[in-house]
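Colleague: I'd like to ask some things about the structure below.
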Amino acid sequence: MTKVPYKIYLTEDEMPKAWLDLRGFMQEKPEPFLNPATLQPVTLPELEHVFCTELAKQELNTTEKYIPIPEDIQSFYKMYRPSPLVRAYNLEQKLGTPAKIYYKFEGNNTSGSHKLNSAAAQAYYAKQQGLTSLTTETGAGQWGTALAMACAFFGLDLTVYMVKISSEQKPYRKEVMSTYGAKVIPSPSDTTEVGRRILAENPGTSGSLGCAISEAMEVSMKDENCRYVLGSVLNHVLLHQSVIGLETKTACDKYDVKPDVIIGCAGGGSNLGGLIAPFMAERLEGKNGIEFIAVEPASCPSLTRGKYAYDFGDTGKTTPLMKMYTLGNGFIPSSNHAGGLRYHGMSAIISKLYSQGYINARSVIQSKVFDAATMFARCEGTLPAPESSHAISVAVDEALKCKETGEEKTILFGLTGTGYFDMSAYMAYNNNTMTDYVPTDEDLQKGFDTLPKI
Ligand SMILES: *Cc1c(COP(=O)(O)O)cnc(C)c1O
1 MTKVPYKIYL TEDEMPKAWL DLRGFMQEKP EPFLNPATLQ PVTLPELEHV FCTELAKQEL
61 NTTEKYIPIP EDIQSFYKMY RPSPLVRAYN LEQKLGTPAK IYYKFEGNNT SGSHKLNSAA
121 AQAYYAKQQG LTSLTTETGA GQWGTALAMA CAFFGLDLTV YMVKISSEQK PYRKEVMSTY
181 GAKVIPSPSD TTEVGRRILA ENPGTSGSLG CAISEAMEVS MKDENCRYVL GSVLNHVLLH
241 QSVIGLETKT ACDKYDVKPD VIIGCAGGGS NLGGLIAPFM AERLEGKNGI EFIAVEPASC
301 PSLTRGKYAY DFGDTGKTTP LMKMYTLGNG FIPSSNHAGG LRYHGMSAII SKLYSQGYIN
361 ARSVIQSKVF DAATMFARCE GTLPAPESSH AISVAVDEAL KCKETGEEKT ILFGLTGTGY
421 FDMSAYMAYN NNTMTDYVPT DEDLQKGFDT LPKI
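In terms of the UniProt record's numbering, the numbers along the sequence shown are unbroken and rise by one, the last being 454.
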């Protein structure tokens, strides 16, 4: 057989024409979202107040296996996709492992991450519906940037609530968003009721994703031509991200590559859910025995130490209740945490599959994440995002295990983005000032105490 090239690219014709929804393949579906006032499953009319109608429909549709990708979104994807599936020959050599390592690289666009895959879809559907503006939150900044790019393309106004600590650490991120025409507000802010309340209760707060979500939602609720959009966690976001896995599967099939292990970092679960989509669909049909591993920071361990419970998606307790692995909506990761993946909860789909044992989870401390990031940058060339480096770290662990056992496993991981805007974190690592903090059970209990009692 021909040697697998360093990069496997697809032709435009080989790009996916439909997204894959894992719920269509799951015998037991994730629990429905509940209206917190009635504790009844949320309905389309309720969800339409918050999200674009088509996205609300996608969110509630649990039976369809494939959803056609509209032509305009396929065209948008062609600006920066297909993304390469890379054989990490240099990393394999560096580690001296018999394992074969592959990664799907999603960082080749200005937003620097996979987030553009869903941003493009969400902006498109908003435009189709005749809306004029969108609001959202951003933590590390990749989502805000991706959405700013998509809104500029489709001609929509955008307001981004950016977690305050991130906006201070990453001033250039804000400028990229402004360049694409977005209005960026550090959160918590005095522009919303919930922001003013959070500031009054906790004046020195560095902000959190949950809090920025509350602010963005409040603004969208007050304008009927505006909707709120979210870049992770939700079912429709995982749906759009399936483009990652579908391309990966086609590329693997071209060279008869059969992954034994698939690894993804997990913040809200969207890249992981997207990367594993077609492979997990086959696994659910009993067609493979792939091991799927979610990797999260030890400082924000929603899968490995969280509770599987109904919780709000935001600190302001305004979203529907979602059954997910969660640290509690009041959980705020320690301020020394640098590596993204700060969200308190996890996608309902990923949570369900994890609860059923289809997905394993591991947590990694941040200094170990940056050890892996640095090694990867030096031998594979790309400067990885700290988020992505969680996956690299476990891929390296797996490859080293193969070195001990002599197994020639095929390891595939998602390299979700680049780390050019994370230089303050790299600086801390390079200066040896990076610290590790793993929350105690008492710390986590404070978050669990904020879970709704239902
Ligand atoms: C947002 C982000 C993540 C985490 O989000 P998921 O929804 O868990 O995929 C991971 N990597 C990068 C580069 C990101 O921007």
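All C-beta atoms in this analysis are idealised placements derived from N, C-alpha and C, irrespective of residue type, glycine included.
For Val-163, which three-state DSSP category applies?
Modeller: The answer is strand: DSSP assigns Val-163 an E or B state.
Colleague: Quick one: what's Cys-265 bridged to in DSSP?
Modeller: For Cys-265, which the question treats as bridged, DSSP gives the partners Val-295.
Colleague: Regarding Ser-299 and ligand 1, is the C-beta to nearest heavy atom distance less than 6 Å?
Modeller: No, ligand 1 has no heavy atom inside 6 Å of this Cβ.
Colleague: Specify, as a first and last residue, the run of the beta strand (DSSP E) that Phe-370 falls within.
Modeller: Counting along the chain, Phe-370 falls outside any beta strand (DSSP E), though it belongs to the alpha helix (DSSP H) covering 366–380.
Colleague: Considering only their Cβ atoms, is the gap separating Gly-269 from Ile-350 smaller than 7 Å?
Modeller: A contact, by the Cβ cut-off of 7 Å.
Colleague: Could you tell me which residues DSSP pairs with Tyr-308 in its beta bridges?
Modeller: Paired residues: Tyr-325.
Colleague: Judging by CA-CA distance, which residue of Tyr-180, His-337, Thr-374 and Arg-196 is the nearest neighbour of Pro-439?
Modeller: Answer by Cα proximity: His-337.
Colleague: Note down, in chain order, each residue of its chain lying with its Cβ closer than 8 Å to the Cβ of Pro-77, except the 5 sequence neighbours on either side.
Modeller: With the sequence shown as reference, residue 77 is identified as Tyr, and Pro is not the correct amino acid for it. Hits under 8 Å: Met-15, Ile-69, Asn-117, Ala-120 and Val-243.
Colleague: Under a three-way DSSP split, which group does Pro-301 fall into?
Modeller: In the structure shown, Pro-301 sits in coil (DSSP, three-state: anything other than H, G, I, E or B).
Colleague: Give me, in chain order, the residues of the same chain whose beta-carbon lies closer than 6 Å to that of Leu-451; leave out the 5 immediate sequence neighbours on both sides.
Modeller: Once the five neighbours on either side are set aside, the close Cβ partners of Leu-451 are Ala-309, Asp-311 and Gly-328.
Colleague: Considering only heavy atoms of ligand 1, does any lie closer than 6 Å to the CB of Glu-296?
Modeller: No.
Colleague: Who are the near neighbours of Phe-376 in its chain, counting only those whose CB is closer than 6 Å to its CB and skipping five residues on each side?
Modeller: The residues are Pro-384 and Ile-392.
Colleague: Return the Cβ separation of Gly-339 and Tyr-103 in integer angstroms, given the expectation that the two are a contact with Cβ distance under 8 Å.
Modeller: With a Cβ gap of about 18 Å, Gly-339 and Tyr-103 do not count as contacting.
Colleague: Taking the beta strand (DSSP E) that Ser-187 belongs to, which residues open and close that run?
Modeller: Note, Ser-187: beta strand (DSSP E), 183–187.
Colleague: I'd like to confirm something about Thr-416: is its beta-carbon nearer than 6 Å to some heavy atom of ligand 1, or not?
Modeller: Yes, the beta carbon of Thr-416 sits closer than 6 Å to at least one heavy atom of ligand 1.
Colleague: Is Gln-142 a contact residue of ligand 1, with contact defined as CB to any heavy atom under 6 Å?
Modeller: The answer is yes for Gln-142.
Colleague: Nearest to Gln-58 by alpha carbon, out of Arg-81, Gln-27, Leu-22 and Glu-28?
Modeller: The residue with the shortest Cα to Cα distance from Gln-58 is Leu-22.
Colleague: Any chance the CB of Cys-265 is under 6 Å from a heavy atom of ligand 1?
Modeller: Yes.
Colleague: When DSSP builds the beta bridges, which residues end up paired with Asn-360?
Modeller: Answer is Ile-293, bridged to Asn-360.
Colleague: With the cut-off set at 7 Å, would you say Ile-276 and Gly-306 are in Cβ contact?
Modeller: Cβ atoms of Ile-276 and Gly-306: not closer than 7 Å.
Colleague: Given a cut-off of 7 Å, decide if Arg-283 and Ile-293 are closer than it, judged by their beta-carbon atoms.
Modeller: Not a contact, by the Cβ cut-off of 7 Å.
Colleague: Please state whether DSSP places Asp-223 in a helix, a strand or coil.
Modeller: Here Asp-223 sits in coil by DSSP.
Colleague: Have a look at Val-160 and Phe-51 and give me their C-alpha separation to the nearest angstrom.
Modeller: Approximately 16 Å, taken between the alpha carbons.
Colleague: Compute the distance between the beta-carbons of Ala-251 and Ile-8, then report whether it is under 7 Å.
Modeller: Taking 7 Å as the Cβ cut-off, Ala-251 and Ile-8 qualify as a contacting pair.
Colleague: Per DSSP, Val-86 is paired with what?
Modeller: Its beta-bridge partners are Lys-7 and Tyr-103.
Colleague: Exposed or buried, what is Lys-323 when buried is set at 16 or more other beta-carbons lying within 10 Å of its beta-carbon?
Modeller: Flag for Lys-323 reads buried.
Colleague: Quick check: does the Cβ of Ala-212 come within less than 6 Å of any heavy atom belonging to ligand 1?
Modeller: Answer for Ala-212: no, Cβ out of range of ligand 1.
Colleague: Would you check if there are 3 or more beta carbon pairs closer than 8 Å linking the segment 214–228 to the segment 253–265?
Modeller: No, because fewer than three Cβ pairs between the segment 214–228 and the segment 253–265 fall closer than 8 Å, the two stretches do not touch.
Colleague: When burial is assigned at 16 or more other CB atoms within 10 Å of the CB, is Ile-454 buried or exposed?
Modeller: Ile-454 is exposed by the Cβ-count criterion.
Colleague: List the whole-angstrom C-beta distance separating Leu-134 from Leu-158, where the pair is believed to meet the contact cut-off of C-beta under 8 Å.
Modeller: Their Cβ separation, rounded to whole angstroms, is 5 Å, which keeps Leu-134 and Leu-158 in contact under 8 Å.
Colleague: Could you give the DSSP three-state label for Pro-32: helix, strand or coil?
Modeller: Correct three-state label for Pro-32: coil.
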